[in-house]
Amino acid sequence: MTEESEDARMRALFGESPRPPMGDDEFVRSVMTRVHEVRTSDKVRRNALAIGVVAVAGAILWPFKSALGTALALSAVRFAPDLPMLSGGATALLIAAAASVAALAYAERG
Amino acid sequence: MSDTDEALAREAKRGSSHAFETLVRRNQSLVRGFLRRLCSGDAALADDLAQETFVMAWRRIGAFEAKGSFKGWLCRIAYTQFLQNRRSSKASQRREDAVMAEAATVQDDRAANEARLDLDRVMAVLSPEQRAAMALCYGEGMSHAEAAEALGLPLGTVKSHVVRGRAKVLAEFQGAAA
Numbered sequence: 311m312t313e314e315s316e317d318a319r320m321r322a323l324f325g326e327s328p329r330p331p332m333g334d335d336e337f338v339r340s341v342m343t344r345v346h347e348v349r350t351s352d353k354v355r356r357n358a359l360a361i362g363v364v365a366v367a368g369a370i371l372w373p374f375k376s377a378l379g380t381a382l383a384l385s386a387v388r389f390a391p392d393l394p395m396l397s398g399g400a401t402a403l404l405i406a407a408a409a410s411v412a413a414l415a416y417a418e419r420g
Numbered sequence: 002m003s004d005t006d007e008a009l010a011r012e013a014k015r016g017s018s019h020a021f022e023t024l025v026r027r028n029q030s031l032v033r034g035f036l037r038r039l040c041s042g043d044a045a046l047a048d049d050l051a052q053e054t055f056v057m058a059w060r061r062i063g064a065f066e067a068k069g070s071f072k073g074w075l076c077r078i079a080y081t082q083f084l085q086n087r088r089s090s091k092a093s094q095r096r097e098d099a100v101m102a103e104a105a106t107v108q109d110d111r112a113a114n115e116a117r118l119d120l121d122r123v124m125a126v127l128s129p130e131q132r133a134a135m136a137l138c139y140g141e142g143m144s145h146a147e148a149a150e151a152l153g154l155p156l157g158t159v160k161s162h163v164v165r166g167r168a169k170v171l172a173e174f175q176g177a178a179a
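Protein sequence lines, in the order shown, are assigned to chains G and U. In case it helps, the working numbering puts the first sequence at residues 311 to 420. In case it helps, the working numbering puts the second sequence at residues 2 to 179.
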């Protein structure tokens, strides 16, 4: 028996034996149900982890709340923007808003 | 339906469960057929492992690189699932041993059991690597190179598994026919 004929015999043997059907909707549905379950449980796990991190960080920082509050208040007073800075920011904001409105109007008109 | 598996995998990577469902529909027969060969015809175990394979594929879809074929990547996950199940489940090992013992009995009492000597029973006498290489090359029509990629084995090793496995299977069938 040559290698080619042995290969052909093997292919025939494998070809004759039954295979699962091509479009097995029931199997696909059961897989997708599992996938959705996994997706949901992964989301819940991620959310639980995020809440846990926030809770741990809160517990660690809680004893230092007064110190942190003082530090934030001091830096806010020290680095508060003065009037020229505020008016410059407001002008930039107005220009950006006007440009956005103009662009929207142009897009609407086509 | 003209999208390739690799294009659908890219969509699934972006979170599209519809694209993933199409991939499952297209490849479920391949994966289940491959696992049935590995599990010596135990269809229930093979289907459980196939389901685990697709769930694992969904979890790892971010790691799929479009350089290789999606089918090969999927078969590799299926083969890993099979090996993990084989290692972890002593019951499954016992079941496999029983099938192998039965195949040996068939060899001893060929005339009486000729009708039961189907491909799955003969495949049970092969090592898992030989079974996997033969199932991919003869059952799924993959080339030796594709099977090597899917199994994560060197090309030469896959070729030798196929040659040795083929010789064993043909010897079993010829012995049964004699």
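Glycine residues also receive a C-beta, built at the ideal position from the N, C-alpha and C atoms.
Interface partners of residue i on chain U, CB under 7 Å
| i | result |
| --- | --- |
| R329/G | S30 and G34 |
Nearest-angstrom beta carbon gap, residue j and residue i [assumed within contact, 8 Å]
| i | j | result |
| --- | --- | --- |
| L36/U | A47/U | 4 Å |
| V348/G | R26/U | Actually they do not touch by this definition, with Cβ atoms about 18 Å apart. |
| K169/U | L137/U | Not a contact, Cβ separation roughly 17 Å. |
| A134/U | H162/U | 4 Å |
| G34/U | P330/G | 6 Å |
Interface partners of residue i on chain G, CB under 9 Å
| i | result |
| --- | --- |
| D119/U | S327 |
Cβ-based burial, residue i [other Cβ within 10 Å; buried from 16]
| i | result |
| --- | --- |
| Y416/G | exposed |
| D352/G | exposed |
| G140/U | buried |
| A113/U | At A113/U the pLDDT is 41, less than 50, meaning the model places this residue with poor confidence; the figure from the coordinates comes in the next sentence. Counting Cβ neighbours within 10 Å, A113/U comes out exposed, since fewer than 16 surround it. |
| Q175/U | exposed |
| T270/G | Residue 270/G falls outside the range modelled here, since chain G spans only 311 to 420, and no answer is possible. |
| E314/G | exposed |
| A10/U | buried |
| L403/G | exposed |
| L414/G | exposed |
| A58/U | buried |
| T401/G | exposed |
| R167/U | buried |
| R38/U | buried |
| L307/G | A question about residue 307/G goes unanswered here, because the residues of chain G that appear run from 311 up to 420. |
| E173/U | buried |
Distance CB(residue i)-CB(residue j) smaller than 9 Å
| i | j | result |
| --- | --- | --- |
| I62/U | A13/U | yes |
| M320/G | S30/U | no |
| N28/U | L84/U | no |
| M143/U | K72/U | yes |
| M342/G | F65/U | no |
| E7/U | S70/U | yes |
| Y80/U | A146/U | no |
| H346/G | S41/U | no |
| L120/U | N86/U | no |
| L371/G | L382/G | no |
| V32/U | T54/U | yes |
| A148/U | V164/U | no |
Chain G residues whose Cβ lies nearer than 8 Å to that of residue i
| i | result |
| --- | --- |
| L171/U | M311, E316, R319 and M320 |
| S18/U | M342, V345, H346 and R349 |
| F71/U | Result: empty, since nearest Cβ-Cβ is about 16 Å, beyond 8 Å. |
| R167/U | E316, D317 and M320 |
Listed by chain order, chain U residues near residue i by CB distance under 8 Å
| i | result |
| --- | --- |
| L323/G | L120, Y139, V170 and F174 |
Within chain U, the residues that residue i reaches when beta carbons sit closer than 9 Å
| i | result |
| --- | --- |
| M332/G | R26, R27, Q29 and S30 |
Interface residues of chain G facing residue i [CB-CB closer than 7 Å]
| i | result |
| --- | --- |
| E150/U | Result: empty, since nearest Cβ-Cβ is about 20 Å, beyond 7 Å. |
| E22/U | V338 and M342 |
CB contact check: residue i to chain C, cutoff 9 Å
| i | result |
| --- | --- |
| R37/U | Checking the listed chains, one finds no chain C in this structure; the protein chains it contains are G and U. |
* To do: Residues of the region 124-147 of chain U with a CB closer than 9 Å to any CB of chain G: list them in chain order, please.
  => M135, A136, C138, Y139, G140, E141 and G142
* Asked: At a Cβ cut of 8 Å, what residues of the region 336-349 of chain G count as close to chain U, listed as they run along the chain?
  -> F337, V338, S340, V341, M342, R344, V345, H346, V348 and R349
* **Contacting positions in the region 47-78 of chain U - beta carbon closer than 8 Å to chain G** => D48, A51, Q52, F55, V56, W59 and R60
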